[in-house]
Each structure stands twice: as C-alpha cells, then as structure tokens.
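Just so we're aligned, residue 1 is where the sequence shown starts under UniProt numbering, counting upward by one.
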Amino acid sequence: MRALLLGGLCPSITARALTSSSVADNVHRFNFAEVVRRARELALTPFDGALRRLPPGIDSLDFDSWRDIRFRPDRAIPLDAAKSYRLETFHLGFLYKRAVAINLVEKGIVTPLLYSPGCFDYGRVKLNKPLPSDTGFAGLRLHYPLNDPRVSDELISFLGASYFRFLGREQQYGLSARALCVEAGTSEESFPYFREFWLEVSEEGEGRATIYALLDGEAATGAYRFDVAPGQQTTLDVAATLFPRRAGVKFGLAPLTSMYLTGENDHRVRDGFRDELHDSDGLLMLTGADEWIWRPLSNPSSERTTSFTDKSVKGFGLMQRDRIFESYQDLELAYESRPSYFVEPKGDWGAGRVELIELSTPDESNDNIVASWTPKTPPAPLQPFSYAYRLTASLDDRSLSPSGRVVNTFTAPARALGSAEKARPGACRFLVDFARGDLAYYLTDPSEVEAVATATKGVILRSSVVANPHIEGLRAMFDVAVAPGATSDLRVYLRAGARSLTETWTFPWTAPALQTSPQTLAADRPDGPDLQAATLSQQPIRN
Numbered sequence: 001m002r003a004l005l006l007g008g009l010c011p012s013i014t015a016r017a018l019t020s021s022s023v024a025d026n027v028h029r030f031n032f033a034e035v036v037r038r039a040r041e042l043a044l045t046p047f048d049g050a051l052r053r054l055p056p057g058i059d060s061l062d063f064d065s066w067r068d069i070r071f072r073p074d075r076a077i078p079l080d081a082a083k084s085y086r087l088e089t090f091h092l093g094f095l096y097k098r099a100v101a102i103n104l105v106e107k108g109i110v111t112p113l114l115y116s117p118g119c120f121d122y123g124r125v126k127l128n129k130p131l132p133s134d135t136g137f138a139g140l141r142l143h144y145p146l147n148d149p150r151v152s153d154e155l156i157s158f159l160g161a162s163y164f165r166f167l168g169r170e171q172q173y174g175l176s177a178r179a180l181c182v183e184a185g186t187s188e189e190s191f192p193y194f195r196e197f198w199l200e201v202s203e204e205g206e207g208r209a210t211i212y213a214l215l216d217g218e219a220a221t222g223a224y225r226f227d228v229a230p231g232q233q234t235t236l237d238v239a240a241t242l243f244p245r246r247a248g249v250k251f252g253l254a255p256l257t258s259m260y261l262t263g264e265n266d267h268r269v270r271d272g273f274r275d276e277l278h279d280s281d282g283l284l285m286l287t288g289a290d291e292w293i294w295r296p297l298s299n300p301s302s303e304r305t306t307s308f309t310d311k312s313v314k315g316f317g318l319m320q321r322d323r324i325f326e327s328y329q330d331l332e333l334a335y336e337s338r339p340s341y342f343v344e345p346k347g348d349w350g351a352g353r354v355e356l357i358e359l360s361t362p363d364e365s366n367d368n369i370v371a372s373w374t375p376k377t378p379p380a381p382l383q384p385f386s387y388a389y390r391l392t393a394s395l396d397d398r399s400l401s402p403s404g405r406v407v408n409t410f411t412a413p414a415r416a417l418g419s420a421e422k423a424r425p426g427a428c429r430f431l432v433d434f435a436r437g438d439l440a441y442y443l444t445d446p447s448e449v450e451a452v453a454t455a456t457k458g459v460i461l462r463s464s465v466v467a468n469p470h471i472e473g474l475r476a477m478f479d480v481a482v483a484p485g486a487t488s489d490l491r492v493y494l495r496a497g498a499r500s501l502t503e504t505w506t507f508p509w510t511a512p513a514l515q516t517s518p519q520t521l522a523a524d525r526p527d528g529p530d531l532q533a534a535t536l537s538q539q540p541i542r543n
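#1: Closer than 6 Å by C-beta to D489: which residues in its own chain qualify, once you throw out the five before and the five after it? Chain order, please.
#2: Thinking C-alpha only, which one of F191, L44, S116, N368 is nearest D134?
#3: Three or more beta-carbon pairs under 8 Å between the segment 371-389 and the segment 403-418, yes or no?
#4: Quick check on A43: does DSSP put it in helix, strand or coil?
#5: Any idea what DSSP makes of W66, helix, strand or coil?
#6: Within a Cβ cutoff of 6 Å, which residues of the same chain sit near S258, ignoring the five residues on either side of it in sequence?
#7: Along the chain, where does the alpha helix (DSSP H) containing Y328 start, and where does it finish?
#8: Where does A440 fall in DSSP's three states?
#9: Apart from the five residues just before and just after L51, which ones in its own chain have a Cβ nearer than 8 Å to its Cβ?
#10: Quick one: using the 10 Å Cβ neighbour count with 16 as the cut-off for buried, is residue 556 buried or exposed?
#11: Kindly indicate which residue of L494, V459, L501, F251 has the alpha-carbon position closest to the one of E188.
#12: Can you look up V125 in the DSSP assignment and give me helix, strand or coil?
#13: Within the same chain, show all residues whose beta-carbon is closer than 6 Å to that of T520, passing over the 5 residues directly before and after it, in chain order.
#14: Exposed or buried, L44, counting other C-beta atoms within 10 Å across all chains shown (16 or more means buried)?
#15: Check S133 in the structure and name its three-state DSSP category.
#16: Going by the CB atoms, is the gap between L359 and A371 shorter than 8 Å?
#17: Report the residue from S399, P73, A213 whose alpha carbon sits nearest the alpha carbon of R225.
#18: Helix, strand or coil for P56 per DSSP?
#19: Taking P63 and L159 to be in contact with their CB atoms under 8 Å, please state how far apart those CB atoms are, rounded to whole angstroms.
#20: Would you tell me roughly how many angstroms separate the C-alpha atoms of L104 and R67, rounded to the nearest one?
#21: At which residues does the beta strand (DSSP E) containing L87 begin and terminate?
#22: If you reduce the DSSP assignment to three classes, tell me which class S337 lands in.
#23: Helix, strand or coil: how does DSSP classify E364 here?
#24: Could you tell me the boundaries of the beta strand (DSSP E) in which W198 lies?
#25: Counting only the same chain and skipping the five closest in sequence on each side, list residues whose C-beta sits under 7 Å from that of P300.
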C-alpha cells in the first residue's frame, strides 16, 4: 500500500494509476464489507477518545485564524478521469483537533492520503517549521460542477464529529446532517466521530461518488457508505451498520441539526431588521399510515422534546418552506436559499418515534434544533444493526406532500378587538394558511371545507375557514382555551366531506401563566367571537 503525498499530485496520481493496473489481480479489493469488518473489530476494544496534541502553531488557533488556512484550489485532487469530482481537505485547528485518515480508492486499491503543507495557503498564520506528514486532516469536501459546467462548486463536506452537509443546485449551506446521535437531549449525550474515510468514484454510468466512513464512539462503532448523486435535488443514499458497545442506549438514526431563532409564529426573540431568522422552519413527517404532518419549529424559553410515535415511518425532514427574501432581508446569509433535508427510509424501520428537540438560543450562532428516528427497541450490544435511507437536499418540497400544505402559522388574541366578550385566561387564536393541492378549487366557496381542530387539553372554542386569495389557498382559524400554564398538543387539517384536503398541522402550545393583575390580563388578552376580525402581529408571508 502506497501513500499519496499531497505535495506532488500529478506524478503521484499517475504512479498510483499504473500501480493499480499492474497489481489489481493480485491484491485484496476494498469494499464496504471491509469497513464493516473494521467497525466490528473496533467495537470489541475499549473506547479511547483521547486527543493527540496538535503540533505547535496550530494548537491554539481561534476561529478566524483557522479559517484563514485554506486549501489551494490548484492542488485539488481529481477523483475521476473527467476531473468532475475534486477533493479538498480541511486543516486541523480551532475546534477541530481530532485528525481523520483519508484514503483514495481506485479499482479496489487503497492509497492513503498524506498531509503536505504545500497544499494550504496559511494566510496570516505563521509556522516556525513545516508540519509533519502525519499531521492529518480535520475533514474533507468534494467539489463538482453543480451550478455551472465551468465552475467546481462545493458539493459535500464532512467536518467535526459525524457532521456532514451537502447541496443541490442553487443552494447555500444551512442545516447539517449527522451519522448518529447518542442520548440526544439528555445529560448522557455523546458525539461519536468519523475516524477514517475512503473515497471512490465509479467510472461507469453517471459516475457517482462514494464516501465510506468508519465511526467510533463511547456507545457504538459503525460503518457508513454515502453515495452522492448531484443535481437540482442532490440525493445521498446512506447505508449503515452499527455495533453498539453497550445495552440500553438511545440512538438517533439519520439525525438532522438546524437553527431556528425567530419566525412568523414565534416572536420570543427578535433580531433587529430581520423578521425571520432560521435555517429550517418546520418538521415534515410521513407516517407509516400515510399521514403527512407539519410541525412548525420554535425557539422555546427552555428545552422541549416532542415525540411522534410511529411504526414503519416513511419519511421525515427539517424543511425551509419560506423562500421569500422579504421574510429575512439578509443580503449576505441568504436564508431563503438554504436547503431542506428529507429522510426516506429504505426498508421497514419498525416501531419507534421521530424525536424533535428544540433548545433555547439567544442568537443565530447556535444549532438548537435536532430531529432523528429512535427505534423502540435499542440495538443489542456487539450485534450488527443495519439500516439504510435516502437523504434529499431540495429547495421545493411540493413533490413530497401532494395534498394542501401549510405555508403560514400565526397567533393572535382570541377575540376581535373591541368585543364585549370577557377575556378568557389561557385562550389563544391560531391562524394556519394552507395552499396548493386542490385548495384553489374551493376559493369561491370555502364553506364547503371544514377545519378539523383538536386539542389534547383544554377546549376548542370555535373554528372557521376563509379564502386566502393571496396564496390561492384557505386559512383555518380556531380559538383554543387551556388552563393557564398547561400545555396542549394542537392539531388541525382541512377536509371536504370525508376527504382530507391537507397535511396535518400540529403544535404543542403552553398557555401563559395567570397574570397577577386582572386589568393587565384583560388588556393583553382581548378575545371574542369574531374570527375574521383577528388582529395579526405581521402580514402573511407567501411561500
């Protein structure tokens, strides 16, 4: 096995190709089974998460200094004959102190990639002496002509723990995915990490790139295969085999991580001129019973975990539905161009739950949203647990949910301003806009449509449906009263007769605690019977 030194790419790649051709018939060919074998053997050994001390010069980099070290584009490594896929690596430093091994695979022959300082532009970072060839890398990224045949854009990256991100056409990075989460939302949470990668590009057919990865962690080891297919909606086919190190662990499969600070339905935190600020605005789920569920995200004042128990789940994802620039007004960060990620299991994942964790955050610098699938029965220690799924990055989820879908969620006081009706503690009005599907058909006569609203606690006081021509859809409005301080799981969908017209909107709402001053309560919570006269805090935003 030879090593490919980054410092002299062209001669090394040529030599590697000649070596592969001459000995291919006499050597062991690498495949995914080799990664599974490595993961099984690793699980039999005690976990060692100790970090090797970084060399002087990069052991104390802050974020700006680390970011100043950039891979030189002219040293990118072509992975296929057409040079469509190009490999670049991330430098160690800052938070990224754990080195990962990177290997190239050609015709089954593995060539380790060695570090070379000549492949990096160090910017303002000054090193007293060159770093050794065993320094290693923090992660990797693949480039591909995604948006323009003449430009090699970043397609997918792996950096930190088991995090990865990938893009479709005309998208900008937002949320992230992970290989595995362990005891998420508990004091026992840990972060397994990728310790080695193998990269291969098939020269047949569409020439898809494959990344194999070996996962290590205190709770489990794992073998992963990622097959990436670039396009308008880039897809990532993931196959995994886990080997738990101990029993009773809560694993989150296909976890997604995002950020939600503020939006149309949650104004607890405001951010100057930006009315909305989020990488994702909702959780979309397709249950095993073929029900589409939409759960708006929020930035709660304290951690909140919501579970959707299901059997044979067919899909879930964190979506960015609001694609209107005016919602965000951010010329640099382009939140309207951040992708949605949707997970589609391959095969039957059995009984379990989609778990949504929402953490409180004061600003947009924290990823405070996690969604994953947790099996009802934890995988057994040291026994292989295999599963697979497709992950899609898109800007438009209309092809996923074929019926009417939620485009806006608002809250308002539970009565019309000026009504003589007395204020009712714990009452609130919810306004949910649905569009697409067959809803435009009912614009001229929305009385044919019923809003089916339910609450696990409290009572639905009234509900109605009105036309919303601005979105060519319908608005469902309902008032709910819940005991002050109590939490009720709310649901609403639209139907005509016995036929469901929309996905199901759901949200856990906590009624404000009872105010000490009745006068203040009455002033803050005017409510009444006139649903159509509700006063909103902002105008609807069309998606």
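In this text, a Cβ means the ideal position worked out from N, Cα and C, and glycines have one as well. Treat the numbers as computed from the prediction; the structure is a model and nothing was measured.
With the structure as the only source:
#1: T456, P508
#2: S116
#3: no
#4: helix
#5: helix
#6: L175, D279, S280, L318, I369
#7: 325-328
#8: helix
#9: K97, R98
#10: The structure shown does not extend to residue 556, since the chain is modelled only from 1 through 543, so no value can be given for it.
#11: F251
#12: coil
#13: Confidence is the limiting factor: at T520 the pLDDT is only 35, short of 50, which leaves the residue's position unreliable, though a coordinate-based value still follows. Nothing meets the Cβ criterion.
#14: exposed
#15: coil
#16: no
#17: A213
#18: coil
#19: One detail in the question is off: residue 63 reads as Phe in this sequence, not Pro. Not really, about 13 Å apart at Cβ, beyond 8 Å.
#20: 25 Å
#21: 86-90
#22: helix
#23: coil
#24: 193-201
#25: E358, S360
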